[in-house]
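**Q**
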Amino acid sequence: MDHITRTEYSARNTAVALVSRIIAILMGYAVRVVFTAVLSTSYVGVSGLFTDIINVLSLSELGIETAITYALYSPVAFGDIEKQKSVMALYRRLYRIVALLVTAFGLALIPFMGIIISDPGDVTDLTLIYILYLAGAVVSYFFIYRKTLMDASQIRYVGVACHTVFLVIQDVLQIVILITTGNFILFLCIGLLATIGYNVTTSLLATRKYPYLKDRNVTPLPKEEKDDIFKNIGAMLMHKVGNVVVNNTDNILLSAMTGLVNAGIYANNFLVFASIRQLLNEVFDSITASVGNLSVTEDEERAGRIFDCAFFVGQWMFGLASICIFMLLPSFSFLSFGKTYAYEYWPMLVIAINFYVTGMRRATIVYRDACGLFYYDRYKAVAEALINIVASVLLTMKFGFIGVFLGTFVATMTTSFWVEPFVLYKYKLHTPLWGYFKKYFLYSLVFGVCLFLTDYLSRYCEGLLGIGNDKLLILLVFRLFFCVIFVDLFYLVCFFKKKEFALVVEKAKFLYNKKRG
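Its first residue numbered 1018, the sequence shown is counted upward by one per residue in this note's numbering.
1) Do the CB positions of L1143 and M1130 come within less than 8 Å of each other?
2) With 16 as the cutoff for other CB atoms within 10 Å, does D1325 come out buried or exposed?
3) Enumerate in chain order the residues of its own chain whose CB-to-CB distance from L1497 is below 8 Å, with the five nearest sequence positions on each side excluded.
4) Between Y1174, V1189, V1185, T1219, which has its C-alpha nearest F1160's C-alpha?
5) Is DSSP giving T1198 helix, strand or coil here?
6) Please work out which residues of its chain come closer than 6 Å, Cβ to Cβ, to F1499, disregarding the five sequence neighbours upstream and downstream, and give them in chain order.
7) Assign V1522 to buried or exposed, taking buried as 16 or more other Cβ atoms, counted over all protein chains shown, within 10 Å of its Cβ.
8) For Y1229, I'd like the list of residues in its chain whose CB is within less than 7 Å of its CB, leaving aside the five on either flank, ordered along the chain.
9) If you draw a straight line from the alpha carbon of I1484 to that of L1492, how long is it in whole angstroms?
10) Under the three-state reduction of DSSP, which class applies to D1386: helix, strand or coil?
11) Pop quiz: V1033 and V1177 are said to be a contact at Cβ under 8 Å. What is the actual Cβ separation, rounded to whole angstroms?
12) Could you check what DSSP says for G1096 in three-state terms: helix, strand or coil?
13) Between E1082 and the rest of its own chain, which residues show a CB-CB distance below 7 Å, the 5 nearest in sequence each way excluded?
14) How about N1285 and Y1358: are their beta carbons less than 8 Å apart?
15) Find the nearest neighbour of A1387 within the set T1425, M1253, R1049, S1409, judged by alpha-carbon distance.
16) Assuming contact is defined by CB atoms lying nearer than 8 Å, are V1367 and F1301 in contact in what I supplied?
17) Count the CB pairs spanning the segment 1165-1175 and the segment 1194-1203 that are closer than 8 Å, and state whether there are at least three.
18) How would you label H1447, buried or exposed, when you count the other beta carbons within 10 angstroms and need 16 or more for buried?
19) Go ahead and pull the three-state DSSP assignment for H1180.
20) Out of F1503, F1067, V1193, point me to the one whose CA is closest to G1153's CA.
21) Applying the criterion that 16 or more other CB atoms from any shown protein chain within 10 Å of the CB defines a buried residue, is N1486 buried or exposed?
22) Relative to the C-alpha of F1287, which residue among I1134, T1431, I1304, P1347 is closest?
23) Alpha carbon to alpha carbon, how far is I1133 from A1273?
24) Thinking C-beta only, is V1494 closer than 8 Å to A1398?
25) Between the segment 1369-1376 and the segment 1424-1433, do at least 3 Cβ pairs fall closer than 8 Å?
26) Should V1504 and C1478 be called a contact, given that it needs their Cβ atoms to be closer than 8 Å?
27) Tell me where the alpha helix (DSSP H) around T1431 begins and ends.
28) Please report the straight-line C-alpha distance between S1593 and Y1460, rounded to a whole angstrom.
29) So, I1040 versus L1296, is the Cβ gap smaller than 8 Å?
30) Whole angstroms is fine: what's the gap from R1163's alpha carbon to Y1090's?
Structural data, given as structure tokens:
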């Protein structure tokens, strides 16, 4: 059997992840269109709000997964099965504790629902709805932990494909339930059953792939190794606090400060650009295990070259996506959900810039997590969370709902923007940080100019062709093709001579020739 390289593993993971995410986006869009047509804006707001609350409650888990995955890279790379068994046994115990904590904290929030939701609108059975959301989060902890060993072994695509199958089944059944009954409770029950099915199936697949996971004869980890894992878990927990507060509290703030209707409007728009973000994040998540393998088997110079390549690819992808979101999302929301859900120019500009700034961090975050550097910038996460909450509240009081988005931008630029690359360059790459910021400035300048030109030229062409808001579908299709073609050509002209572009082409040729051979 031919040896599979890191590049090939990354390509497999990325290809499956992208196809799966596209399917998820299309199915999620179909569900949301039917959801919005059948149920009221208040139900849309409740869905987004409870999803964010569950994400906040799940903070106790998120640090564990990343730290355990990092702990598995070395034993997987060198075939140390006994060490893998020891790490996974610890993982199982930790997840059972997390399940109990999430359940306890989740139930403790029920008496405060009246404060969290200032205006429930026509939504009934709030407590039951919330419990179903909570149950969906808790059941995962008893099964899904085994999937992490597949991720660390660079075969993440197995779990992703399994998830896609259950997601399609779930979405089809939910659409049927909405159309035939309009019952939100049954809608959530279908989601809960699909979650259980996916978790159990993935656990069985992992056990079949790694039968030694069933062994009861497991040597406990040495104290110093266990202490290192707990140290990393604590650091990652702090990182995830910052991430969740920055990215998953907008619905909560909007609901508490401006009402459930505004939260519902944001929830539908968030569904679109969050789906795009998840699609692009899949590219980076798919290479994490390969980067982890690289970090324990290769030198720093090679790691630096691959990082530069990943950073270059990321800025291109997120630049294109941010411009498309800015140009297309208002018309898309208008056409899909109604005029009420379409944001105007300035909110969209802030959302697009936030999307780009967040995307520019992905390469750095993947390398930081894969190389186990998350301990060094743990306090940054707490500062980011505090700044985000304070800035969002103050700016929302001053500027209305757009202040929530501005608060996110302020928090990111005052912390993560410079701290994350500082840690990566100081503790792993050991090269001058100025090179990173020089690239960042160049990439951002190209993005800003391209955004302005795309908006100006697109509207100019629309005027010449007589395409306006009275022809939304035609306008949407025209802007999509215009953005993709113009932005990619603009970026190609700007970057075709860069060494990072040459490396991307080289890797693409390698995969093509290997496939043909």
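Where a beta carbon is used, it is the ideal one built from N, C-alpha and C, also for glycine.
**A** Based on what the coordinates show:
1) Counting from one through the sequence shown, the residue named residue 1143 turns up at place 126. Counting from one through the sequence shown, the residue named residue 1130 turns up at place 113. Going by C-beta atoms, L1143 is nearer than 8 Å to M1130.
2) Against the sequence shown, residue 1325 aligns to sequence position 308. So D1325 ends up on the buried side.
3) Position 480 of the sequence shown holds residue 1497. Cβ within range, chain order: C1341, L1345.
4) Translated into the one-based positions of the sequence shown, residue 1160 becomes position 143. Checked all of Y1174, V1189, V1185, T1219; the closest Cα to F1160 is T1219.
5) In the sequence shown, the residue the question calls residue 1198 occupies position 181. It is coil, neither helix nor strand.
6) One-based indexing of the sequence shown puts residue 1499 at position 482. The answer, listed in chain order, is S1475.
7) Within the sequence shown, numbered from 1, the residue matching residue 1522 stands at position 505. By the neighbour-count rule (16 or more Cβ atoms within 10 Å), V1522 is not buried but exposed.
8) Translated into positions along the sequence shown, residue 1229 becomes position 212. Scanning its chain for C-beta atoms nearer than 7 Å, with the 5 sequence neighbours on each side dropped, one finds around Y1229 the residues I1098, K1102, in chain order.
9) As a first step, residue 1484 must be located in the sequence shown, where it is residue number 467. As a first step, residue 1492 must be located in the sequence shown, where it is residue number 475. Spanning the two alpha carbons is a distance of roughly 6 Å.
10) For the purposes of this step, residue 1386 is identified with residue 369 of the sequence shown, where counting begins at 1. Here D1386 sits in helix by DSSP.
11) Counting from one through the sequence shown, the residue named residue 1033 turns up at place 16. Counting from one through the sequence shown, the residue named residue 1177 turns up at place 160. Indeed, because the Cβ distance is near 5 Å, the residues count as touching under 8 Å.
12) Position 79 of the sequence shown, counted from the start, is the residue given in the question as residue 1096. Reduced to three states, the DSSP call for G1096 is coil.
13) Position 65 of the sequence shown, counting from 1, holds the residue named residue 1082. These residues qualify, in order along the chain: T1165.
14) Stepping through the sequence shown from its first residue, residue 1285 is reached at position 268. Stepping through the sequence shown from its first residue, residue 1358 is reached at position 341. Yes, they are a contact pair.
15) Sequence index remark: in the sequence shown, residue 1387 carries index 370 (1-based). Looking at the Cα atoms, M1253 is the closest of the given residues.
16) In the sequence shown, counting from the first residue as 1, residue 1367 sits at position 350. In the sequence shown, counting from the first residue as 1, residue 1301 sits at position 284. No, these two residues do not count as a Cβ contact at 8 Å.
17) Touching, no.
18) Within the sequence shown, residue 1447 is the residue found at index 430, counting from 1. Classification for H1447: exposed.
19) As a first step, residue 1180 is located in the sequence shown; it is residue number 163 there, counting from the start. Looking at H1180 - three-state DSSP - the assignment turns out to be helix.
20) If you number the sequence shown from 1, residue 1153 lands on position 136. Comparing Cα-Cα distances from G1153 to each of F1503, F1067, V1193, the minimum goes to F1067.
21) Looking up residue 1486 in the sequence shown gives position 469. Answer is exposed; the Cβ neighbour count stays below 16.
22) Sequence index remark: in the sequence shown, residue 1287 carries index 270 (1-based). Taking only the C-alpha atoms, the option nearest F1287 is P1347.
23) For this step, residue 1133 is matched to residue 116 along the sequence shown. For this step, residue 1273 is matched to residue 256 along the sequence shown. For I1133 and A1273, the distance between alpha carbons rounds to 6 Å.
24) By one-based count along the sequence shown, residue 1398 stands at place 381. By one-based count along the sequence shown, residue 1494 stands at place 477. Not a contact, by the Cβ cut-off of 8 Å.
25) yes
26) Taking the first residue of the sequence shown as position 1, residue 1504 is located at position 487. Taking the first residue of the sequence shown as position 1, residue 1478 is located at position 461. No. Outside cutoff.
27) Here the question's residue 1431 lines up with position 414 in the sequence shown. Element bounds for T1431: 1419-1431.
28) It is not possible to answer for residue 1593, since the shown part of the chain is limited to 1018 through 1534.
29) The residue given as residue 1040 occupies position 23 in the sequence shown. The residue given as residue 1296 occupies position 279 in the sequence shown. No, they are not a contact pair.
30) Taking the sequence shown and counting its residues from 1, one reaches residue 1163 at position 146. Taking the sequence shown and counting its residues from 1, one reaches residue 1090 at position 73. R1163 and Y1090: Cα-Cα distance of roughly 15 Å.
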